[in-house]
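A.B. asks: Numbers 7 to 197, taken from the numbering used here, label the letters of the sequence shown in order.
For each residue, glycine too, the CB sits at the ideal point set by N, CA and C.
The structure that follows is given in the form of structure tokens.
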Amino acid sequence: MIFSLFTNHKALPDEQLMSAVRLAADERAFSELYRRYARLLQGFFFRLLGGNEEQAADLMQDTFMRLWSAREQYSEKQSFRTWLFTIAYNLCKNIYRANAHEQTYIDSLPAEEPVAEDITPLRIDAETFDRALQQELSRLTKTQQMLFELRFTQELSVPEIATIMDIPEGTVKSRLHTLTQYLRLKLKDYE
């Protein structure tokens with residue numbers, strides 16, 4: 007499919023835009039995909055990589071560079087969003103591997119005993135809950151954090167997550183169940 011200069015790229019679905027990028031190296035289609043997903047990806051990386059804004063911006067750019075370089079590998083049969091997040095997920099895994107020695111050291115430190123707090127207010131506002139949730143999320147493994155991000159922040163489906171993480175759907179469901187049960191237990195005071 008050849009796109010003319012007069013094609014309204016904003017009206018096209020992601021998959022058609024990516025097809026134009028793949029088949030005709032259509033820079034306007036690429037720019038539209040960038041416009042749609044750059045901030046979303048940067049937030050994705052920001053949350054998963056400890057709030058490092060500069061690293062998140064670099065990885066977002068790297069994701070789009072890889073998308074452009076691998077454009078001929080895109081299949082029109084797959085969801086563009088799933089394909090894009092697969093690239094982003096793999097970049098995160100690379101960062102996690104590179105920082106594995108740091109995590110090993112942190113894991114070797116003795117765990118701090120939590121201080122029991124009496125939560126008696128009748129109403130705990132959303133900001134307090136969000137802080138508690140973020141604290142619990144920071145204690146999860148990188149894989150669990152990624153799973154939470156893909157399902158609950160990016161709102162991807164179980165099949166999409168299975169494709170991105172390259173694991174069976176049943177494994178995704180099982181891990182999501184375990185994760186939600188863990189968070190429910192840890193955040194029970196906020197019910």
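Using the C-alpha atoms, what's the distance from residue 149 back to residue 181?
C.D. replies: Within the sequence shown, the letter at position 175 stands for residue 181. Within the sequence shown, the letter at position 143 stands for residue 149. About 10 Å.
A.B. asks: Does the pairing of the region 22-32 with the region 44-57 give three or more beta-carbon distances under 8 Å?
C.D. replies: Contact between the region 22-32 and the region 44-57 is absent, because fewer than three Cβ pairs lie under 8 Å.
A.B. asks: Specify the secondary structure class of residue 49 as computed by DSSP and reduced to three states.
C.D. replies: Position 43 of the sequence shown, counted from the start, is the residue given in the question as residue 49. Looking at residue 49 - three-state DSSP - the assignment turns out to be helix.
A.B. asks: Classify residue 80 as helix, strand or coil using the three-state DSSP reduction.
C.D. replies: For the purposes of this step, residue 80 is taken as residue 74 along the sequence shown, with counting starting at 1. Reduced to three states, the DSSP call for residue 80 is coil.
A.B. asks: Does residue 78 pass the burial test, meaning 16 or more other C-beta atoms within 10 Å, or should it be called exposed?
C.D. replies: Within the sequence shown, numbered from 1, the residue matching residue 78 stands at position 72. Per the 10 Å Cβ criterion, exposed.
A.B. asks: How close, in whole Å, do the beta carbons of residue 156 and residue 173 come, if the pair is a contact with beta carbons under 8 Å?
C.D. replies: As a position in the sequence shown, residue 156 is number 150, starting the count at 1. As a position in the sequence shown, residue 173 is number 167, starting the count at 1. Their Cβ separation, rounded to whole angstroms, is 12 Å, which puts residue 156 and residue 173 out of contact at 8 Å.
A.B. asks: Using 8 Å as the threshold, is the C-beta distance between residue 87 and residue 20 below it?
C.D. replies: Start at 1 with the first residue of the sequence shown, and residue 87 comes out as number 81. Start at 1 with the first residue of the sequence shown, and residue 20 comes out as number 14. Yes. Within cutoff.
A.B. asks: Can you tell me which of 74, 95, 170 puts its alpha carbon nearest to the alpha carbon of residue 37?
C.D. replies: The residue labelled residue 37 in the question sits at position 31 within the sequence shown. Looking at the Cα atoms, 74 is the closest of the given residues.
A.B. asks: Please classify residue 105: does DSSP put it in a helix, a strand, or coil?
C.D. replies: Here residue 105 is taken as the residue at index 99 of the sequence shown, counted from 1. It is coil, neither helix nor strand.
A.B. asks: So, helix, strand or coil for residue 193, using DSSP?
C.D. replies: For the purposes of this step, residue 193 is identified with residue 187 of the sequence shown, where counting begins at 1. Here residue 193 sits in coil by DSSP.
A.B. asks: Return the CA-CA distance between residue 170 and residue 139, expressed in angstroms with no decimal places.
C.D. replies: As a first step, residue 170 is located in the sequence shown; it is residue number 164 there, counting from the start. As a first step, residue 139 is located in the sequence shown; it is residue number 133 there, counting from the start. Whole-angstrom Cα-Cα distance: 24 Å.
A.B. asks: Can the beta-carbon of residue 66 be found closer than 8 Å to that of residue 44?
C.D. replies: Your numbering for residue 66 matches position 60 in the sequence shown. Your numbering for residue 44 matches position 38 in the sequence shown. Yes. Within cutoff.
A.B. asks: Using the beta-carbon count (16 or more within 10 Å), is residue 25 buried or exposed?
C.D. replies: For the purposes of this step, residue 25 is taken as the residue at position 19 of the sequence shown. Under this definition residue 25 is a buried residue.
A.B. asks: Quick check: the Cα distance between residue 39 and residue 188, rounded to an integer number of angstroms?
C.D. replies: Looking up residue 39 in the sequence shown gives position 33. Looking up residue 188 in the sequence shown gives position 182. Roughly 36 Å between the two C-alpha positions.
A.B. asks: Mapping the DSSP letters down to three states, classify residue 63 as helix, strand or coil.
C.D. replies: Sequence index remark: in the sequence shown, residue 63 carries index 57 (1-based). Three-state result, residue 63: helix.
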